[in-house]
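The next block holds one structure in the form of structure tokens; read it before the comments.
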Amino acid sequence: MHPLAKRIQQKEERALAKAITLAENSEADKLELLKSIYPMQKGAHWIGITGSPGAGKSSLVNRLISFLRNKGLTVAVVAVDPTSPFSGGSILGDRVRMADHFTDPGVFIRSMGTRGSLGGLSRSTKETVRLMDAYGFDVILIETVGVGQSELDIMKLADSVAVVLNPGSGDVVQVFKAGIMEIADLFVVNKADMPGVPKLLAEIEAMLDLVKHDSPYRPPVVQTISTENKGLEELWDALLAHKAYLIESGEGSIRKLANLKREVMEVVQHEIFQQVWTDEKESGFSWLADLEQGNTDPYTAAEQILLQRNQPADK
Ligand SMILES: Nc1nc2c(ncn2[C@@H]2O[C@H](COP(=O)(O)OP(=O)(O)OP(=O)(O)O)[C@@H](O)[C@H]2O)c(=O)[nH]1
Ligand SMILES: [Mg+2]
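At position 176 of the sequence shown (counting the first as 1) the number is 176 in this note's numbering, and the numbers step up by one without a gap.
Here's what the structure looks like:
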């Protein structure tokens, strides 16, 4: 067993932090560590929270932490967003509020910037969540901002995906265009104290009619005012109901397997790339000069690299 895995098993929080850094930086013994912690995972509820910048994701996460702690549950948070208050970004107010949780051993908060993610952000996020799960947190919240492809990939690793929308924001069209509709398990209308709630609710329902009309599960819509601590009970109930649905319908196992397959391919791709790159570097990138002089094309160069790899090593 990897020494860090042992220390994680003994609930040493510093070891968890170190292990995440090790995974993020793709250290040589990273796969050993991940192999050790894989069977230690306890099946935490992995919850993705996504939405436009400023939708109130961090405020919600912040409130959810307190809410869940009051229920006796432990919580880990991964904030995948370089501008998030968690990572020392924009909003000082949120950071000050987060300070309440920093001294609580039942809460662990980690931010993932775009730096230090050599294997791709979605891969390092998944590994971070696995490490947190192995440590034994009950609930793991993954906050991502935006509606790009990498956010979509990150959200796919969650058991339950909550999409946060605001009244009067025109978010719905964005969400629809970005393909987020398909992966949303739950809609949160946050800032429900602002005008335009009925219109937003109608837009969401219309969109659900379109996209989910033949789906066995229709994502519920809950309203929250995170600044006033309102709607958290409903939000949590909806998340628990979704988790129950995943188990009863078998959908959870299907998603898990799809995720595992994707993870295998990500690791293989990364490891092969690393090996090829290292080998080529050592042999002086023989094809690079050819490319520069126009003596080869990228496809022939790639083909030759792959052919070379398939030759027996002792030749
Ligand atoms: N009126 C109102 N304001 C809110 C509510 N929730 C959050 N806010 C405010 O909205 C602003 C943005 O909140 P954040 O929680 O930082 O939003 P975020 O989605 O995490 O933002 P990014 O991480 O920057 O994308 C803050 O000023 C909050 O105080 C709400 O329910 N009602
Ligand atoms: Mg935030």
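Every residue gets a Cβ at the ideal spot worked out from N, C-alpha and C, and that includes glycine.
Heavy atom of ligand 2 within 6 Å of residue i beta-carbon
i: K57; result: yes
Cβ-heavy atom distance, residue i to ligand 1, below 6 Å
i: P53; result: yes
i: V145; result: yes
i: T50; result: no
i: D171; result: no
i: T227; result: yes
i: D193; result: yes
i: N166; result: no
i: Q190; result: In the sequence under discussion, the amino acid at residue 190 is Asn, which differs from the Gln named in the question. Indeed, a heavy atom of ligand 1 lies less than 6 Å from the Cβ.
Under 7 Å between C-beta atoms of residue i and residue j
i: S324; j: E263; result: Residue 324 cannot be examined here, being either before or after the span of the chain that is shown, 1 to 315.
i: M112; j: V80; result: yes
i: P167; j: M194; result: yes
i: K243; j: H101; result: no
i: V221; j: L235; result: no
i: A134; j: I204; result: no
i: V173; j: V188; result: no
i: D185; j: V211; result: no
i: I305; j: V276; result: yes
i: R110; j: V78; result: yes
i: V139; j: L73; result: yes
i: H2; j: L31; result: no
i: E143; j: I49; result: yes
i: R63; j: L239; result: no
i: L4; j: A17; result: no
i: I47; j: L201; result: no
i: I154; j: V107; result: no
i: F137; j: A55; result: no
Candidates the options, of which the one nearest residue i by Cα
i: E151; options: L131, T296, K126 and A241; result: K126
i: F347; options: K18, S226, P298 and A258; result: Outside the shown range of the chain (1 to 315) lies residue 347, about which nothing can therefore be said.
i: S253; options: K199, L157, W277 and E280; result: L157
i: P105; options: K191, G120, A302 and E13; result: E13
i: E266; options: S122, L64 and I49; result: S122
i: P53; options: Q274, N190 and G231; result: N190
i: P216; options: A238, Y245 and I180; result: Y245
i: I20; options: R218, M132 and G51; result: M132
i: Q308; options: D171, K177, F285 and P198; result: F285
i: R218; options: N229, M40, N259 and A241; result: A241
i: A301; options: T103, W287 and G294; result: W287
i: K230; options: Q41, K6, L22 and S59; result: S59
i: P39; options: E282, K6 and I272; result: K6
i: I8; options: K281, S26 and K42; result: K42
i: H270; options: K71, N295 and A28; result: A28
i: Q274; options: G250, S26, L22 and K11; result: S26
i: L22; options: T103, T128, K71 and Q10; result: T128
i: A192; options: K199, T224 and G170; result: T224
i: G196; options: I180, S169 and Y299; result: S169
Residue i - DSSP class collapsed to helix/strand/coil
i: A17; result: helix
i: V96; result: Below a pLDDT of 50, predicted positions are generally treated as unreliable, and V96, at 42, falls in that range; no measurement from the model is reported.
i: G106; result: coil
i: E12; result: coil
i: Y299; result: helix
i: A79; result: strand
i: S226; result: helix
i: L4; result: helix
i: E292; result: helix
i: S87; result: In this prediction, S87 has a pLDDT of 43, which is less than 50 and means its spatial position is unreliable; what the coordinates show is noted afterwards. Three-state DSSP puts S87 in a helix.
i: H45; result: strand
i: E280; result: helix
i: L73; result: coil
i: S286; result: helix
i: E127; result: helix
i: E32; result: helix
i: S59; result: helix
i: L143; result: Note that residue 143 corresponds to Glu in the displayed sequence, not to Leu. Residue state, collapsed to three classes: strand.
i: S111; result: strand
i: R309; result: helix
Any non-hydrogen atom of ligand 3 within 6 Å of residue i CB
i: L141; result: Judged by which ligands are present, ligand 3 is missing from the structure shown, whose ligands are ligand 1 and ligand 2.
Practice prompt. Identify every run of the beta strand (DSSP E) within the region 145-205, keeping only runs that are complete inside it and at least 3 residues long; order them along the chain.
Written response: List check, beta strand (DSSP E) in window: 160-165 and 186-190.
Practice prompt. Taking only runs that begin and end inside the region 229-274, name each unbroken alpha helix (DSSP H) of 4 or more residues, in chain order.
Written response: The region 229-274 contains these whole alpha helix (DSSP H) runs: 232-249.
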